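> One structure is given below, represented as structure tokens, and several questions about it will come after.
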Amino acid sequence: MDSAVEVMRAGPACHALNHHYEACKLLAYPDPASPLFAALRRAGFDPYNMPAIPTPFAKLSGAPWTIGWSDTLDVRVGRVITQSEADVRYARRLARDFEPPAREAVHVPVSQCQWDAIVSTVYNTGPGGRGRDGILYLADGRPSTFLRKLNAGDYAGAADELPKWVRAGGQVFKGLQRRRHATRLVFLGWPVRKAIEAGEAAFR
Numbered sequence: 152m153d154s155a156v157e158v159m160r161a162g163p164a165c166h167a168l169n170h171h172y173e174a175c176k177l178l179a180y181p182d183p184a185s186p187l188f189a190a191l192r193r194a195g196f197d198p199y200n201m202p203a204i205p206t207p208f209a210k211l212s213g214a215p216w217t218i219g220w221s222d223t224l225d226v227r228v229g230r231v232i233t234q235s236e237a238d239v240r241y242a243r244r245l246a247r248d249f250e251p252p253a254r255e256a257v258h259v260p261v262s263q264c265q266w267d268a269i270v271s272t273v274y275n276t277g278p279g280g281r282g283r284d285g286i287l288y289l290a291d292g293r294p295s296t297f298l299r300k301l302n303a304g305d306y307a308g309a310a311d312e313l314p315k316w317v318r319a320g321g322q323v324f325k326g327l328q329r330r331r332h333a334t335r336l337v338f339l340g341w342p343v344r345k346a347i348e349a350g351e352a353a354f355r
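Under the working numbering, the first residue of the sequence shown carries the number 152, and numbering increases by one thereafter.
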């Protein structure tokens, strides 16, 4: 852990990226990469507005179920929360589950915009390890290419790794392409709003 990173906190650019790309849903919904989500869409249902699952789809997995600002902790079908609850859950999980792994993993000085880009990506992909790939660690526990380049001081190379993280469930998602494009630009010092606009323009 770099001593400067130890005291850093997610700033406005991190929150702007997360809130723009995650969107807040107050009713629990199936993961967009899940079989249930795809089947509901094909059948003409809105997966984001399903207080109960129709019987023909009951055996399909929607995991991980999600609510609020893409929070997957303690979520079940039909759960409803308030906007205030969503905001509290977001702040709590960001500080507890996503910033600490980033602090532990990053061993070089980073700017606030770089830190915001890193934490936002960790929030989206997870830190990784323990059987799951994330922006910091691969499923087998090895450091990701992003983290290796970052800790080697290759900031430009690390930035160029971000656009590669555009798959969920083996599929490339345009929303992830937009997000990674914007996050890379924030990492490189762009104002967050201009970065988001550039991401939208690059992947219409």
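Every residue, glycine too, gets a C-beta built ideally from N, C-alpha and C. Fair warning: this is a prediction, and the values are worked out from it, not measured in the lab.
Please state whether the Cβ-Cβ distance between Val156 and Arg254 is less than 8 Å.
Between Val156 and Arg254, the gap from beta carbon to beta carbon is short of 8 Å.
> Tell me whether the beta-carbon of Phe324 lies closer than 8 Å to the beta-carbon of Ala309.
no
> What are the uninterrupted segments assigned as alpha helix (DSSP H) that are 4 or more residues long and contained completely in the segment 257 to 337, given in chain order?
You should have 263 to 276, 296 to 302 and 306 to 312.
> So, helix, strand or coil for Ile204, using DSSP?
coil
> Based on Cα-Cα distance, which residue from Val226, Leu224, Val228 and Gln328 lies nearest to Glu351?
Gln328
> Can you give me the C-alpha to C-alpha distance between Arg355 and Gly326, rounded to a whole angstrom?
Straight-line measurement puts the Cα of Gly326 at about 9 Å from the Cα of Arg355.
> Starting from the N-terminal side, write out each stretch of the alpha helix (DSSP H) that is 4 residues or longer and does not extend beyond the segment 161 to 234.
163 to 173 and 186 to 193
> Should Val158 be listed as close to the ligand SAM, given that the test is whether its C-beta is under 7 Å from any heavy atom?
In the structure shown, the ligand SAM is absent, as is every other ligand, since no ligand is present at all.
> Give me the Cα-Cα distance between Pro260 and Arg299, rounded to the nearest whole angstrom.
14 Å
> Please list the terminal residues of the continuous alpha helix (DSSP H) segment that includes Val343.
Val343 to Ala353
> Less than 8 Å between the C-beta atoms of Ala319 and Ala333, yes or no?
No, they are not a contact pair.
> Taking the alpha-carbon positions, what's the Ile347 to Trp220 distance?
18 Å
> Out of curiosity, what's the CA-to-CA distance linking Val257 and Pro183?
30 Å
> Mind the definition here: the segment 334 to 343 touches the segment 263 to 270 only if three or more C-beta pairs lie below 8 Å; say whether that holds.
yes
> Excluding sequence positions up to five away, which residues of its chain have a Cβ less than 7 Å from the Cβ of Glu195?
Contrary to the premise, residue 195 reads as Gly rather than Glu in this sequence. Within its own chain, no residue has a Cβ closer than 7 Å to the Cβ of Gly195 once the five positions on either side in sequence are excluded.
> For Leu245, which of Thr276, Ser262 and Val343 has the nearest alpha-carbon?
Thr276
> What does the alpha-carbon distance come out to for the pair Pro278 and Ala203?
31 Å
> Would you call Leu187 buried or exposed, if buried means 16 or more other Cβ atoms sit within 10 Å of its Cβ?
Leu187 should be labelled buried.
> Excluding five sequence neighbours on each side, which residues of the same chain lie with their C-beta closer than 6 Å to the C-beta of Pro215?
These residues qualify, in order along the chain: Asp182 and Thr223.
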